[in-house]
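Peer 1: Quick note: the sequence shown uses numbering that gives the first Met the number 0, first residue 0, plus one each step. Positions of the beta carbon are idealized from the N, C-alpha and C atoms, including for glycine. The structure's right below; bear with me while I get my questions together.
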Amino acid sequence: MNNQLKYYQLTSIGDRAINQDCMAHRVNSEYGLFVVADGLGGHYGGEKAAQFFCQGLFKLAPFYHQLLQDSTQNVKTVMEDWIDAAVDDMRVMFLEDAEAIDAHTTCVVLYVDDNVTVTAHCGDSRLYRLNDKQVLWRTKDHSLIQKQLDEGKITEGEMGLHPEQNQLTQSINIKKNHSAEVNIYPPVEKGETFILCSDGFWEYIKEKDLLQLSSPHSGLDQLKKVAKMAHLRANGKGDNITVQWVRCL
């Protein structure tokens, strides 16, 4: 890659008994790949779903990266096929596991190379794209409260503490009832920052907190500070907190 990527990530159990979030990254000379997944399901099913999805995605990365370099290929279709194949791999890893049917996960994926920026997400794990002045955009949640926001019934600031905050309309599962939403953007620009996170992070974070993470001098210390702030604001009721910070230099 012509542009260098600087990145940090952290995860915390929050106030839960187990951490069902999973995060992973790969950065090499050709591309950067980042993912956050938030498992859903009883016992350890959700934890496995998140882990297995991430493992499948990264196992298949070399093959699908090469497809993305082929100018005859449709980028959106390639990423959709990649996610679908990762779910197939997830199904194999769940083989003969009784928890598989009820195990779901959200996901948010970021792929960047010199030619394109690709995002994929399902559920309410989010990706924010920022410059040093503003939040440029975020992924749109697949949830009941996102629908209420779109209809003008609530504000962005009311989403995190809404009683229906955890009611999803889509998630990743081996039954493939839902698919991830894929979006294609121009290549990342120098100075831009991406934040990938589970809902345990964003539900207690305000826009001004995100802008602290997009300032030119921000880094791991600031990320830890904002994540700790999210946990404290949860007041003993916090979910697992997982966040990745990616900066284009």
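Is the segment 143 to 159 in contact with the segment 80 to 90, if contact means three or more CB pairs nearer than 8 Å?
Peer 2: No, the segment 143 to 159 is not in contact with the segment 80 to 90.
Peer 1: Give me the residue from 85, 193 and 185 with the minimum Cα distance to residue 212.
Peer 2: One-based indexing of the sequence shown puts residue 212 at position 213. Nearest C-alpha to residue 212: 193.
Peer 1: Going by the CB atoms, is the gap between residue 195 and residue 242 shorter than 8 Å?
Peer 2: On the sequence shown, residue 242 is found 243 positions in, with the first residue counted as 1. On the sequence shown, residue 195 is found 196 positions in, with the first residue counted as 1. Yes, they are a contact pair.
Peer 1: Do residue 5 and residue 183 have their beta-carbon atoms positioned less than 8 Å apart in this structure?
Peer 2: Within the sequence shown, numbered from 1, the residue matching residue 183 stands at position 184. Within the sequence shown, numbered from 1, the residue matching residue 5 stands at position 6. Cβ distance not < 8 Å, so residue 183 and residue 5 don't count as in contact.
Peer 1: Do you know whose CA, among 172, 116, 158 and 228, lies nearest residue 146's CA?
Peer 2: Walking along the sequence shown from the start, residue 146 turns up at place 147. Ranking the options by Cα distance to residue 146, first place goes to 158.
Peer 1: Using only CA atoms, which one of 238, 140 and 113 lies nearest to residue 28?
Peer 2: Within the sequence shown, numbered from 1, the residue matching residue 28 stands at position 29. Taking only the C-alpha atoms, the option nearest residue 28 is 113.
Peer 1: What are the boundary residues of the beta strand (DSSP E) that includes residue 36?
Peer 2: Residue numbering aside, residue 36 sits at position 37 when the sequence shown is read from its first letter. Its beta strand (DSSP E) spans residues 31 to 39.
Peer 1: Which residues in the same chain as residue 19 place their Cβ atom closer than 7 Å to its Cβ, once the five residues preceding and following it in sequence are excluded?
Peer 2: Here residue 19 refers to the residue found at position 20 of the sequence shown. So the qualifying residues of the chain are 37, 38, 45, 46, 49 and 239.
Peer 1: Enumerate in chain order the residues of its own chain whose CB-to-CB distance from residue 116 is below 7 Å, with the five nearest sequence positions on each side excluded.
Peer 2: For the purposes of this step, residue 116 is identified with residue 117 of the sequence shown, where counting begins at 1. Excluding positions up to five away in sequence, the list reads 184, 185, 186 and 187.
Peer 1: Identify the continuous beta strand (DSSP E) that holds residue 240 and give its terminal residues.
Peer 2: Looking up residue 240 in the sequence shown gives position 241. Residue 240 -> beta strand (DSSP E) spans 240 to 247.
Peer 1: Report the rounded CA-to-CA distance for residue 170 versus residue 235, giving the unit in angstroms.
Peer 2: Looking up residue 170 in the sequence shown gives position 171. Looking up residue 235 in the sequence shown gives position 236. Their backbone Cα atoms lie some 26 Å apart in a straight line.
Peer 1: Given this structure, state the Cα-to-Cα distance separating residue 137 from residue 126, to the nearest angstrom.
Peer 2: Position 138 of the sequence shown, counted from the first residue, corresponds to residue 137. Position 127 of the sequence shown, counted from the first residue, corresponds to residue 126. Approximately 6 Å between the Cα atoms of the pair.
Peer 1: Going by the CB atoms, is the gap between residue 134 and residue 206 shorter than 8 Å?
Peer 2: The residue given as residue 206 occupies position 207 in the sequence shown. The residue given as residue 134 occupies position 135 in the sequence shown. The answer is yes: Cβ separation under 8 Å.
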